[in-house]
Amino acid sequence: MNKHKLLGGLLILVVVLVTVWVIGCASNKTLVTEKSGAQLWGENCVRCHNAPSPPAFNDYQWETIAIHMRVRASLTDEEVQKIVEFLKMAN
Amino acid sequence: MKRNALWMVVVGLWLVMGFSQNGLAQDVASVQQEVKKLKPGLSRFLLRGYAHSGFERYEKENSFVGGSFNPIFLWQQSDRLLFEGELEVALEHGSTTIGLEYANMSYILNKRMIIRVGKFLIPFGIFAERLHPRWINRLPSNPLGFDHGEQVGPAAALGAEIRGGAPLGASKINYSIYLINGPSLNDGSENPEEAGMLHFDNYEDNNTNKAIGGRFGFLPFSSSALELGVSAQFAKVGNENTIYQDVGARLFALDLSLVKTIPSLKGIVDVKAQYSMTQVDDARYVDPENPGQTYTFKNENAAYFVRGTFKPAFVANTFIQKLEFAGRYSVLTLAEGAAWGGEKRQWAFSLNYWLDWRTVVKFSYQYTDAPGAEEAAVEHEEEGTPLGGAFLIHWSFGF
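In order, the protein sequence lines correspond to chains A and B. Each residue of the first sequence is one higher than the one before, starting from 2 at the first, in our numbering. Each residue of the second sequence is one higher than the one before, starting from 2 at the first, in our numbering.
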C-alpha cells in the first residue's frame, strides 16, 4: 500500500516537473483578451476532446453548448464569448 | 402626339416600378416571416450525448458488448439558466437498464461564479467529470479504480455546488466547492465481507452529516496546455444511530492534464494523470470468517493512472492524420487486511482511428494482474475488471 502510494506520488511528481519545465520553456505570456476566438478554440477544447468542427452545430446550438462547457469545463466567461463568436463566424 | 407618347411611357414606368417595389416588399415580408419561424426563443433545447458498441475478448469469455447510449438533455432557459441531464441506457444481464447519470440546474451568478444544484458529476480529480464519456476516453475501458464497482472516490452525487473559472494574469484558475450527501460506510450488517467499503451512490443520505469538498485547478501557462488540480472531500460516513456514526472519511486527489502540439513530431501529445486516495477512520467490524468476533484493518485505498496519447494530426497523409496511439498504466490498491482488499495493476494500449472529430474506433489490448490475488482480490474478480489479457474493439460515437 505505502509502496504504491509512494510510487504513484513520485510518478505524478516527475510528470508534473518535466511538463512544467518543458512548457515553461516554450510558453509565452499572451493574455486571454489578446487572443482570437480561433486560438482559444484550438487551445481549450482539446484539453478534453478533439476541437469541434464549427459546422457541426448552428449559431443557437453553439450558444447553448457554450454555456454547458462553461459550467462543465469551468471555462472563463471571456474564453466562452470569444470561442462562440468564432464558431458562429466559421460555421 | 409626341407629348402624349412621352406621358404614356412615364406613367407605364411608374406603374411597373410601383408594382415591382410592391412585389419586393412582399418578398421581404415573406422572408422575414420565414426567418421569424425559424428563430428559436430564449428557451432552447438541445439533445446531445454519446453511444458505443464493440467486441471484447477476455481469457475466460468473449462477447459483443455495449449497444448502449447516453442521451444528454440540455435545456437553456436564459443566458444564465441551464439544465443538464444524462441518462445511460444499456444492456445488463439480459435486460435493458436506464440509469440517471446526472440531472442538475445551473445559474450563472456572475462572470466568476456559477451555482449548481441536483445530481452532478463530482470534480474529484478529472476523470469522472471530464474524461469518462466513451468518445472522450481514449481507451475502451476505464482505469482501475475509476469504474463502477471498484471506484476510489466519487463520480456523481446529490448536492449543491459553487464553481467557476477566472484569468490570473496570463495564467488561469478554476474552482469548485460543494456540499453533498457524501459516501456511506458499509458496516457489514448485511454482507460482512464488504465491511469497511465506501459506497458513493448515497442518494438517500445514511446520516445527517453532509460531505464538504472541492477542487482547485491551476493552469500556469497562457496556452492552457497544462492544468494541475487538487481535490479533497471530508465527511462522516457511518450509519446514524449505530456504533459507526462517528466514523469519518477523508478523500484526496491530485490530477494533471497536458495537451501540447509538438511541431517537430507533427502531432499532439496528450498526457492525463490522476491519483486518488480514501482514508476511513479505524473501526471494528464483524469477522466474516468468525462471525462471533470482530476485526479491524487500516482502511486506506488508492488508485492512480497515467495516460498518454499521440495523434499525428499535422502529417500530410490523411489516413495517418486520423490515427491515434494511446497507452495507460493504472493501479488499484484496496485496504490490506480487509476481506475485499488487494491490488490490481493494468497496462492498456490502443490504436485509434478517428472517423471524424467525435467518432472513433479503438483497437485495444490490456493486461491486468493482481499480485497476491489468491488471498483476496481474485475472489471478487467478477465485481471488477477481469484479470489477464484482453482484446477490446470499441466504436464510440459522440453526438
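Heads up, the beta-carbon is just placed ideally off N, CA and C, and yes, glycines get one too.
9 Å Cβ cutoff met for residue i and residue j
i	j	result
A:Ala-52	B:Trp-341	no
B:Gly-399	B:Tyr-51	yes
B:Gly-214	B:Ser-258	no
B:Asn-300	B:Asp-283	yes
B:Pro-313	B:Gly-189	no
B:Leu-132	B:Gln-367	no
B:Ala-129	B:Phe-147	yes
B:Ala-158	B:Ala-212	yes
B:Arg-113	A:Val-72	no
B:Leu-335	B:Gly-343	yes
B:Phe-125	B:Ser-277	yes
B:Gly-218	B:Ile-174	yes
B:Leu-1	B:Arg-49	The requested residue 1 of chain B is not part of the displayed model; chain B covers only 2 to 400.
B:Ala-254	B:Phe-235	no
B:Pro-264	B:Phe-315	yes
B:Tyr-305	B:Ala-274	yes
Reduced DSSP category for residue i - H, G, I as helix; E, B as strand; rest coil
i	result
A:Asn-45	helix
B:Leu-388	coil
A:Lys-89	helix
B:Lys-312	strand
A:Thr-77	coil
A:His-50	coil
B:Ile-153	As written in the sequence, residue 153 of chain B is Val, which differs from the Ile given in the question. Looking at B:Val-153 - three-state DSSP - the assignment turns out to be coil, as it is neither helix nor strand.
B:Tyr-204	coil
B:Asn-23	helix
B:Ala-327	strand
A:Ala-67	helix
B:Pro-168	strand
Extent of the continuous beta strand (DSSP E) run through residue i
i	result
B:Thr-97	96 to 111
B:Arg-139	Run containing B:Arg-139: none; DSSP gives neither H nor E here.
B:Tyr-176	172 to 181
B:Tyr-354	343 to 357
B:Ala-212	212 to 220
Unbroken alpha helix (DSSP H) run spanning residue i, endpoints
i	result
B:Arg-135	Here B:Arg-135 belongs to no alpha helix (DSSP H), and DSSP marks it neither H nor E.
B:Phe-320	319 to 322
B:Met-114	Per DSSP, B:Met-114 belongs to no alpha helix (DSSP H); it is in the beta strand (DSSP E), 114 to 122.
B:Gln-367	B:Gln-367 -> not in any alpha helix (DSSP H); beta strand (DSSP E) instead, spanning 360 to 370.
Given residue i as reference, the closest of the options once Cα atoms are compared
i	options	result
B:Leu-145	B:Gly-373, B:Gly-197, B:Asn-353, B:Arg-346	B:Arg-346
B:Pro-372	B:Val-361, B:Gly-389, B:Thr-360	B:Gly-389
B:Asn-291	B:Glu-194, B:Val-281, B:Lys-120	B:Glu-194
B:Trp-396	B:Gly-55, B:Gln-27, B:Met-9	B:Gly-55
B:Gly-197	B:Leu-186, B:Asp-206, B:Tyr-204, B:Val-238	B:Leu-186
A:Trp-42	A:Lys-30, A:Leu-32, A:Pro-55	A:Pro-55
B:Lys-237	B:Ser-79, B:Ser-265, B:Leu-220, B:Leu-180	B:Leu-180
B:Lys-267	B:Ala-349, B:Ala-254, B:Lys-323, B:Ser-177	B:Lys-323
B:Ile-244	B:Leu-227, B:Val-287, B:Gln-275, B:Leu-255	B:Val-287
B:Arg-117	B:Phe-74, B:Lys-173, B:Ser-177	B:Ser-177
A:Val-47	A:Thr-65, A:Thr-31, A:Tyr-61, A:Met-70	A:Met-70
B:Thr-97	B:Phe-70, B:Gln-78, B:Ser-107	B:Phe-70
A:Glu-64	B:Tyr-330, B:Leu-47, B:Glu-325	B:Leu-47
A:Glu-79	B:Gln-152, B:Ile-123, B:Ala-91, B:Leu-169	B:Leu-169
Beta-bridge pairing of residue i - partner residues as DSSP gives them
i	result
B:Asp-283	None; B:Asp-283 has no bridge partner.
B:Leu-82	B:Tyr-108
B:Gln-396	The sequence as given places Trp at residue 396 of chain B; Gln does not occur at that position. Answer by DSSP bridge pairing, in chain order: B:Ser-54, B:Val-362.
B:Thr-257	For clarity, residue 257 of chain B is Leu in the given sequence; the question names Thr instead. According to DSSP, which records beta bridges pairwise, B:Leu-257 is partnered with B:Leu-229, B:Ala-274.
B:Arg-45	B:Gln-77
B:Val-90	B:Phe-70, B:Ile-99
B:Glu-301	B:Gln-280
B:Gly-249	B:Lys-237
B:Glu-162	B:Arg-117, B:Tyr-179
B:Phe-306	B:Gln-275, B:Ser-331
Residue i Cβ short of 8 Å to the ligand ATP heavy atom set
i	result
B:Trp-341	The ligand ATP is absent from the structure shown, which contains no ligand whatsoever.
Interface residues of chain D facing residue i [CB-CB closer than 7 Å]
i	result
B:Ser-232	Among the protein chains of the structure shown, namely A and B, there is no chain D.
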